[in-house]
Amino acid sequence: MHSKQAKSIEHRTKIFTPSLTLPPRGGGMGGGGLCSVFFFMLFVTLLLFFAFCPSLFAGIKDRVVAFVGNDAITLSELEKTFTDTLRITPNVTKDEVLNTMVNRLLLLREAKKIKLEAPSEDELLREYIELKIKAFIRIKEDELTDFYEKHLSDFQGKEFESVRDEIESYLTEKELNQRLKLHINELREKACIKIQLNRDLQK
6 MHSKQAKSIE
16 HRTKIFTPSL
26 TLPPRGGGMG
36 GGGLCSVFFF
46 MLFVTLLLFF
56 AFCPSLFAGI
66 KDRVVAFVGN
76 DAITLSELEK
86 TFTDTLRITP
96 NVTKDEVLNT
106 MVNRLLLLRE
116 AKKIKLEAPS
126 EDELLREYIE
136 LKIKAFIRIK
146 EDELTDFYEK
156 HLSDFQGKEF
166 ESVRDEIESY
176 LTEKELNQRL
186 KLHINELREK
196 ACIKIQLNRD
206 LQK
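In structure tokens, the structure reads:
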């Protein structure tokens with residue numbers, strides 16, 4: 006694996022650590038499937054990284070751009086989160102950021118329903134994801150060896166045992182993100198969500 010590629014799998018597996026390290030753009034082990042997994046991992050990072058809160062300028066005139074049940078997301082909250090997100094993903098749109106904020110609210114509501122507690126919302130989200138999704142993920146040994154054999158050239162002759170934990174972490178995070186995406190879709194189908202972001206504000 007080239008120097009950038011060698012670090013790619015390690016960065017991806019850190020997505021749920023306290024530092025919430027963002028993986029680098031590009032690179033990686035190739036393949037459309039892995040690229041799509043990386044894209045969703047980036048989405049989850051944004052989901053956990055940006056806690057939106059009422060802006061200092063929010064007031065009576067602050068428009069509501071989305072409802073999630075009885076919870077509202079205001080334009081000032083969206084603008085602040087969008088500005089913060091642009092520093093990490095310059096091509097992101099307001100519509101994408103708003104949907105991430107909606108997803109975050111849905112997960113937080115579920116965490117509170119089952120009486121989870123944590124010092125911060127980010128920690129509460131991580132605890133919920135660990136409990137409801139990650140705890141049920143098991144990567145089989147043959148999946149690890151199969152991945153290793155399919156990416157031998159990337160590992161530059163390293164023995165399987167020396168990279169086994171790295172591969173297991175990567176495949177675990179890949180499965181976690183796929184299951185989380187399905188879980189969020191299920192929550193969205195059941196929830197009462199109203200998006201009212203004008204087209205001129207979506208850019």
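Going from the sequence shown to our numbering is simple: count from 1 and add 5.
Backbone N, C-alpha and C define an ideal beta-carbon position, used for all residues, glycine too.
All of these numbers come straight from a predicted model, not from anything done at the bench.
What number of angstroms, rounded off, separates the C-alpha of PRO124 from the C-alpha of LYS155? Indexing the sequence shown from 1 puts residue 124 at position 119. Indexing the sequence shown from 1 puts residue 155 at position 150. Distance between the alpha carbons of PRO124 and LYS155 is about 42 angstroms.
Using a Cβ-Cβ cut-off of 8 angstroms (strictly less than) and excluding sequence neighbours within five positions of LEU61, which residues of its own chain qualify? Position 56 of the sequence shown holds residue 61. Residue confidence for LEU61 is low, a pLDDT of 43 falling below 50, so the modelled location carries little weight; the figure read from the coordinates is stated next. Result list for LEU61: empty, nothing under 8 angstroms.
Roughly how far, in whole angstroms, is the beta-carbon of LEU110 from the beta-carbon of ASP76, given that I think they are within contact range, below 8 angstroms? Translated into positions along the sequence shown, residue 110 becomes position 105. Translated into positions along the sequence shown, residue 76 becomes position 71. Going by Cβ atoms, the distance from LEU110 to ASP76 rounds to 6 angstroms, so yes, they are a contact pair.
Suppose you measure from the CA of LEU112 to the CA of PHE165; what does that come to, to the nearest Å? What you label residue 112 is simply residue 107 of the sequence shown in a count that begins at 1. What you label residue 165 is simply residue 160 of the sequence shown in a count that begins at 1. If you take the alpha carbons of LEU112 and PHE165, they lie about 37 angstroms apart.
Would you please state the rounded distance, in angstroms, between the beta carbons of GLN201 and VAL70? I believe it to be under 8 angstroms. The residue labelled residue 201 in the question sits at position 196 within the sequence shown. The residue labelled residue 70 in the question sits at position 65 within the sequence shown. The beta-carbon distance between GLN201 and VAL70, rounded to whole angstroms, is 6 angstroms. This is short enough to meet the 8 angstroms contact definition.
Alpha carbon of LEU157 to alpha carbon of THR105, nearest angstrom: Locating residue 157 in the sequence shown gives position 152, counting from the first residue. Locating residue 105 in the sequence shown gives position 100, counting from the first residue. CA-CA distance, LEU157 to THR105, rounds to 36 angstroms.
Using CA coordinates, which residue listed in VAL168, LEU130, ILE142 and THR88 is at the minimum distance from ILE189? Looking up residue 189 in the sequence shown gives position 184. The shortest C-alpha to C-alpha distance from ILE189 to any of VAL168, LEU130, ILE142 and THR88 is the one to LEU130.
Measuring alpha carbon to alpha carbon, tell me which residue in ILE93, GLU82, GLU173 and LYS186 is nearest ILE144. As a first step, residue 144 is located in the sequence shown; it is residue number 139 there, counting from the start. Residue GLU173 is the option with its Cα nearest to ILE144.
Where do the ends of the alpha helix (DSSP H) carrying ALA116 lie? Translated into positions along the sequence shown, residue 116 becomes position 111. Secondary structure note for ALA116: its alpha helix (DSSP H) is the uninterrupted segment 99–118.
Taking the alpha-carbon positions, what's the LEU103 to ASN203 distance? Taking the first residue of the sequence shown as 1, we reach residue 103 at position 98. Taking the first residue of the sequence shown as 1, we reach residue 203 at position 198. Cα atoms of LEU103 and ASN203: separation of roughly 12 angstroms, rounded to the nearest angstrom.
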